[in-house]
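Numbering (my numbering), first residue to last: 1 to 193.
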């Protein structure tokens with residue numbers, strides 16, 4: 001048996017790109033800054049200037065600093081389809097709870113929201129295409145799980161004065177945690193030098 005005979009059956013035909021082949025890319029860096037610049041979007045041979053103008057135009061009404069998950073489907077003819085989703089559920093939960101950081105330790109309560117907040121967040125998140133097949137009850141269950149992960153407790157009602165005091169106490173805990181974290185980073189830097 002010749003060497004060529006054995007390998008003949010394993011030879012694959014040359015690759016030819018299909019016209020409707022699409023590539024899905026998630027861009028979050030650009031969305032957080034709300035402005036797209038060529039250096040942050042090295043996409044597959046598309047016109048970056050046109051993409052940046054389109055992205056900036058479509059996100060011009062959104063407040064800066066809000067994270068926006070985006071999906072860009074780049075086609076083989078260098079055209080693209082840009083879909084900008086609503087902010088993640090964690091963003092809405094933290095905004096509703098009035099906090100910037102989720103739980104630090106397991107079992108800790110970082111904030112509280114009401115069932116009304118939960119319902120409104122679920123309604124907003126149902127508008128995203130990935131959640132199109134979910135009903136409101138399933139979306140609420142998903143948001144409850146995300147809230148639990150963040151350390152956000154869901155209650156029937158919140159007393160504003162009591163919650164204001166809770167947030168003050170919580171802020172002190174977060175500041176203390178950040179100071180300890182900074183000290184740990186500095187001591188680690190000193191050990192490595």
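Glycine included, C-beta positions come from ideal geometry on N, C-alpha and C.
| query | result |
| --- | --- |
| Closest Cα partner of residue 47 within the set 80, 159, 148, 168 | 80 |
| Residue of 99, 62, 135 minimising C-alpha distance to residue 153 | 99 |
| Inter-residue spacing [alpha-carbon to alpha-carbon] between residue 160 and residue 148 | 21 Å |
| Collapsed DSSP secondary structure at residue 153 in the structure displayed | strand |
| Separation of residue 85 from residue 129, as counted between CA atoms | 8 Å |
| Closest by C-alpha distance to residue 107, when choosing among 141, 136, 151, 142 | 151 |
| Inter-stretch contact at 8 Å, needing at least 3 Cβ pairs: the stretch 57 to 76 / the stretch 106 to 125 | no |
| Closest residue to residue 119 among 180, 141, 109, 104 (Cα-Cα distance) | 141 |
| Rounded Cβ spacing between residue 177 and residue 104 (contact assumed at less than 8 Å) | 5 Å |
| Under the three-state DSSP convention, the category residue 114 falls into | strand |
| Check whether residue 93 and residue 121 have beta carbons under 8 Å apart | yes |
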